[in-house]
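The next block holds one structure in the form of structure tokens; read it before the comments.
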Amino acid sequence: MEINEIHDKIYQYKSEGKKLFTTSSFQSHSLVLLHLLSRIDNTIPVYFINTGYHFPDTVRFAQDICRQFGLPIVDLKSTTPKYMQKDAEGKLLFTSDPDYCCYLNKTQPMDIILRSNDVWINGIRADQSQTRSAMQVEQKAPHGTVRFHPMLDWDKRKIFAYLREHDLPRNPLDSKGYASIGCEPCTRRLDPDMQEREARWYGLNKTECGLHTDLVSK
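In the numbering used here, the protein residues as written are 11 to 228.
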């Protein structure tokens, strides 16, 4: 979508009395959507899914960006404490069952937020993965909500052109070799021969945390 189309769509939702929110991983490429929203409507809350496993750099960056952009940030945490997130051997779930770890720390908390909102503004792009390439700009989500993907047809070139044009800051982990940034235990630096998403859950048959697979109405 073009910027004016994103603007018009958000105002349409607002005129219909819809309750909107967005989420962000606060990777550098995520800042385009946040910057656009700060110029369209800076009252839209930004949910940061704070799993408790993020890099400290990302946590600080999230707070700094929302302060700079004038956006309200909401820390979203699991209702299941970490001492209950262990397997039968007492190991934390990210070591033995990363799917369930993602469910407890990301999918389940977000499902609760969907129950009290109408539109989830989400910055996924079709060029990020096969799963995301099959998504639509507007897609039904659980509890009668709508997922709105305004950046779906943007590619890396367009994203980074916008970052340069507006001189937006970069996540400090960029300079340390991280291209796709998630939880620290499940993220590695990108090797030259790797695709962007391969840096997440490296060596596992897993490319999504569940936010973009489970929280979509089939």
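Glycine included, C-beta positions come from ideal geometry on N, C-alpha and C.
Pull up the distance between the alpha-carbon of residue i and that of residue j, whole angstroms please.
{"i": "Ile-3", "j": "Leu-225", "result": "Since the first residue of the chain shown is 11 and the last is 228, residue 3 is not available in this structure."}
{"i": "Pro-82", "j": "Tyr-188", "result": "26 Å"}
{"i": "Cys-196", "j": "Asn-181", "result": "17 Å"}
{"i": "Phe-170", "j": "Ser-40", "result": "10 Å"}
{"i": "His-17", "j": "Leu-103", "result": "41 Å"}
{"i": "Ile-50", "j": "Asp-74", "result": "20 Å"}
{"i": "Arg-157", "j": "Tyr-57", "result": "14 Å"}
{"i": "Gly-133", "j": "Asn-215", "result": "24 Å"}
{"i": "Gln-31", "j": "Arg-174", "result": "Note on residue identity: the sequence assigns Phe, not Gln, to residue 31. If you take the alpha carbons of Phe-31 and Arg-174, they lie about 26 Å apart."}
Less than 9 Å separating the beta-carbons of residue i and residue j?
{"i": "Thr-217", "j": "Thr-141", "result": "yes"}
{"i": "Met-120", "j": "Leu-221", "result": "yes"}
{"i": "Ile-191", "j": "Leu-178", "result": "no"}
{"i": "Asn-52", "j": "Phe-79", "result": "yes"}
{"i": "Ser-227", "j": "Lys-150", "result": "yes"}
Assuming residue i and residue j make a contact with CB atoms under 8 Å, what is their CB distance in whole Å?
{"i": "Asp-128", "j": "Lys-19", "result": "No, Asp-128 and Lys-19 are not in contact; Cβ-Cβ is about 13 Å, not under 8 Å."}
{"i": "Ile-131", "j": "Ile-54", "result": "7 Å"}
{"i": "Pro-160", "j": "Leu-124", "result": "Incorrect: roughly 18 Å between the Cβ atoms, too far for contact."}
{"i": "Tyr-63", "j": "Glu-194", "result": "6 Å"}
Cβ-heavy atom distance between residue i and the ligand HEM below 8 Å?
{"i": "Val-84", "result": "As far as ligands go, the structure on display features none, and thus does not contain the ligand HEM."}
Residue i: which of the options sits nearest, CA to CA?
{"i": "Arg-135", "options": "Leu-124, Ile-50, Glu-148", "result": "Glu-148"}
{"i": "Met-11", "options": "Leu-162, Gly-80, Tyr-110", "result": "Leu-162"}
{"i": "Ser-139", "options": "Phe-158, Lys-166, Ser-126, Val-156", "result": "Lys-166"}
{"i": "Ser-185", "options": "Leu-173, Arg-199, Glu-175, Tyr-172", "result": "Arg-199"}
{"i": "Lys-168", "options": "Asp-137, Asp-97, Lys-24", "result": "Asp-137"}
{"i": "Tyr-212", "options": "Pro-108, Ser-126, Thr-155", "result": "Pro-108"}
- Should the segment 100–120 be regarded as contacting the segment 81–92, the criterion being three or more beta carbon pairs within less than 8 Å? Using a Cβ-Cβ distance cut-off of 8 Å, the segment 100–120 and the segment 81–92 are in contact, since at least three pairs of beta carbons, one from each stretch, lie closer than that value.
- Query: Would you say the segment 61–72 touches the segment 33–45, given that touching needs at least three Cβ pairs under 8 Å?
  - Reply: With a cut-off of 8 Å on Cβ pairs, the segment 61–72 is in contact with the segment 33–45, counting three or more such pairs.
- Message: Would you call the segment 43–61 in contact with the segment 93–102, where contact means no fewer than 3 C-beta pairs closer than 8 Å?
- Response: The segment 43–61 makes no contact with the segment 93–102; the number of CB pairs closer than 8 Å stays below 3.
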